[in-house]
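Just below is one structure, and these are the notes that go with it.
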Amino acid sequence: MGNDIKEMKLKVEGITCTSCAMEMENTLRDIEGILNASVNLTEDTMNIRYDSTLINRKQLFINVRKLVHKAEIVSESQA
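Using our numbering, the letters of the sequence shown correspond one by one to residues 324 to 402.
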């Protein structure tokens, strides 16, 4: 399973408050395959840890785009 776990960092726009960030994190965590999601309001970034055998990169990005005005992938890596 270790090689299937990936991390993605995104630059995001449209997250304006802590409660919005927490709601987005919880919404993403409820999606099968997403292990963790965290928003950094100061940097306007979102970090997502996911199992690539359960959700692929495109599906993940589509789900993020449903929640934010704009998202751009900054980096991806094996966890």
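Glycine is no exception: its CB is placed at the ideal position from the N, C-alpha and C atoms.
Annotated as proximal: arginine 372 and asparagine 359, with beta-carbon spacing under 7 Å. For serine 361, no alpha helix (DSSP H) run applies; the uninterrupted beta strand (DSSP E) run containing it begins and ends at 357 to 363, by DSSP.
With at least 16 other beta carbons inside 10 angstroms of its own, glutamate 348 counts as buried. A check of alpha carbon separations from isoleucine 357 across Ile396, Thr365 and Phe384 identifies Phe384 as the nearest.
Burial is judged here by how many other beta carbons sit within 10 angstroms of a residue's own beta carbon; isoleucine 396 has fewer than 16 and is exposed.
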